[in-house]
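Residue numbers (the working numbering): 316 to 631.
1. Given a cut-off of 8 Å on the beta-carbon distance, is the pair residue 601 and residue 529 in contact?
2. Using 8 Å as the threshold, is the segment 372-381 in touch with the segment 467-486, meaning 3 or more CB pairs across them?
3. Can you grab the Cα-Cα spacing for the pair residue 634 / residue 483, in whole Å?
4. CA-CA distance, residue 427 and residue 394?
5. Need the endpoints of the alpha helix (DSSP H) that residue 337 sits in, please.
6. What does a CB cutoff of less than 8 Å around residue 512 pick up in its chain, not counting 5 residues either side in sequence?
7. Only counting the same chain, and skipping five residues up and downstream in sequence, which positions put a Cβ closer than 6 Å to that of residue 399?
8. Taking the runs of the beta strand (DSSP E) that are 3 residues or longer, which of them lie wholly in the segment 513-572?
9. Using DSSP's beta-bridge definition, name the partner residues of residue 425.
10. Buried or exposed for residue 605, going by 16 or more other Cβ atoms inside 10 Å?
11. Let me make sure I understand the geometry here. Which of 329, 441 and 458 has the alpha-carbon closest to that of residue 450?
12. Please specify which runs of the alpha helix (DSSP H), each continuous and at least 4 residues long, are wholly inside the segment 344-380, giving them in chain order.
13. Taking C-beta to C-beta, are residue 313 and residue 621 nearer than 8 Å?
14. Which two residues bound the contiguous beta strand (DSSP E) that contains residue 618?
15. Do you know whose CA, among 344, 590 and 424, lies nearest residue 531's CA?
16. In its own chain, which residues sit with a C-beta less than 7 Å from the C-beta of residue 551, not counting the 5 before and 5 after it?
17. Confirm the yes/no value for this check: CB of residue 625, any heavy atom of the ligand ATP, distance under 7 Å.
18. Does the beta-carbon of residue 480 have 16 or more other beta-carbons within 10 angstroms, so that it is buried, or is it exposed?
19. Quick one, which of 358, 489 and 341 has its alpha-carbon nearest residue 349's?
20. How is residue 635 classed by DSSP in three states: helix, strand or coil?
21. Can you tell me where the alpha helix (DSSP H) holding residue 434 begins and where it ends?
22. Below 6 Å CB to CB, which residues in the same chain sit around residue 579 once its five sequence neighbours on both sides are set aside?
23. Check each candidate in 543, 506 and 557 and name the one with the smallest Cα separation from residue 599.
24. Quick check: the Cα distance between residue 575 and residue 564, rounded to an integer number of angstroms?
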């Protein structure tokens with residue numbers, strides 16, 4: 316059976332990446348909208364209700380509008396925006412998050428795709444909270460370095476079409492979201508079970524894609540399992556057998572080039588690679604992923620496959 320799929324907002328970065336994956340997917344046919352009618356409400360509504368699966372690659376307000384236009388009881392929606400990530404009527408689209416999450420996605424007609432920073436953070440923290448290793452009230456911090464494609468077309472143009480003076484200013488990583496109110500924070504708290512969000516400091520680097528999310532810990536913050544190596548064993552056990560979340564060998568010497576971990580090392584995959592460094596006192600947890608892969612479009616296609624009962628890796 317060939318499934319009909321519509322990408323609402325296919326001209327954006329995430330939409331284009333989803334479309335690229337769907338074009339090589341053996342089980343789907345793309346429903347294309349006439350470019351001249353891509354803002355035509357009636358035409359979008361027709362395609363949304365004709366599709367077996369529709370991806371919403373839109374700003375939050377537009378995603379909510381499109382979700383409201385979809386009245387068909389058979390269309391499955393996957394929203395790539397922030398609009399529905401903590402909405403109890405939508406399944407959170409991170410199947411590796413907990414033992415029940417994949418089943419929740421499979422049975423839902425409405426799935427909210429996670430944010431890229433949140434994906435890396437949640438996969439590090441949720442297992443430890445669930446196991447009682449990390450108390451839910453722990454005051455955490457998190458830093459995340461991402462390539463500039465994570466900011467969409469506007470940021471891509473800023474980096475790739477900059478004049479010489481601007482290019483010089485963009486050569487190093489830049490902090491942003493300094494209000495400490497990044498839009499991923501609600502899901503970073505709600506989906507990990509933390510009682511408060513972390514102090515989150517994202518940075519954008521002068522390269523196209525790839526990201527590393529880091530969470531530092533002191534051993535005394537943990538309720539049990541008080542060494543880096545023991546924490547590594549806890550995470551490795553949690554993700555044993557996972558197709559797309561891989562826990563790298565402890566301290567991961569083979570992944571570190573001259574003492575440096577490349578944030579682009581998981582690019583062009585749908586993997587979230589987990590690393591643990593440290594000793595008996597201080598511990599550093601890292602997630603490395605492609606912000607356009609497992610951090611966005613790859614995750615969306617993986618969720619579609621789960622919803623349709625297809626092998627998760629199709630198109631990926």
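Positions of the beta carbon are idealized from the N, C-alpha and C atoms, including for glycine.
Reading it off the structure:
1. On the chain shown, position 286 is the one that residue 601 refers to. On the chain shown, position 214 is the one that residue 529 refers to. Closer than 8 Å, so yes.
2. no
3. Nothing about residue 634 can be read from this structure; the chain reaches only from 316 to 631.
4. Counting from one through the chain shown, the residue named residue 427 turns up at place 112. Counting from one through the chain shown, the residue named residue 394 turns up at place 79. About 5 Å.
5. Position 22 of the chain shown, counting from 1, holds the residue named residue 337. Run containing residue 337: 328-338, per the alpha helix (DSSP H) assignment.
6. Counting from 1 along the chain shown, the entry for residue 512 is found at position 197. If we look at residue 512 and ignore the five residues flanking it on each side, its Cβ neighbours are 500, 501, 503 and 504.
7. Locating residue 399 in the chain shown gives position 84, where the first residue counts as 1. Answer for residue 399: 405 and 427, listed in chain order.
8. 514-520, 526-533 and 560-562
9. Indexing the chain shown from 1 puts residue 425 at position 110. In DSSP, residue 425 forms a bridge with 392.
10. The count along the chain shown starts at 1 and reaches residue 605 at position 290. Looking at its Cβ environment, which holds 16 or more other Cβ atoms inside 10 Å, residue 605 is buried.
11. Translated into positions along the chain shown, residue 450 becomes position 135. The candidate whose alpha carbon is nearest that of residue 450 is 441.
12. 356-365
13. Residue 313 lies beyond the range of the chain shown here (316 to 631); nothing can be said about it.
14. Mapped onto the chain shown, residue 618 falls at position 303. Taken as a continuous stretch (DSSP letters only), residue 618 belongs to no beta strand (DSSP E), being part of the alpha helix (DSSP H) at 613-623.
15. As a working mapping, residue 531 is identified with position 216 in the chain shown. Comparing Cα-Cα distances from residue 531 to each of 344, 590 and 424, the minimum goes to 590.
16. Looking up residue 551 in the chain shown gives position 236. Hits under 7 Å: 562.
17. The ligand ATP is absent from the structure shown, which contains no ligand whatsoever.
18. On the chain shown, residue 480 is found 165 positions in, with the first residue counted as 1. With fewer than 16 other Cβ atoms within 10 Å, it is exposed.
19. Here the question's residue 349 lines up with position 34 in the chain shown. Per the Cα distances, 358.
20. Outside the displayed span of the chain (316 to 631) sits residue 635, for which this structure offers no information.
21. Translated into positions along the chain shown, residue 434 becomes position 119. 431-445 is the extent of the alpha helix (DSSP H) around residue 434.
22. Translated into positions along the chain shown, residue 579 becomes position 264. Closer than 6 Å at Cβ, skipping near neighbours: 525.
23. In the chain shown, residue 599 corresponds to position 284, counting from 1. The residue with the shortest Cα to Cα distance from residue 599 is 543.
24. As a working note, residue 575 is residue 260 in the chain shown. As a working note, residue 564 is residue 249 in the chain shown. Residue 575 and residue 564: Cα-Cα distance of roughly 16 Å.
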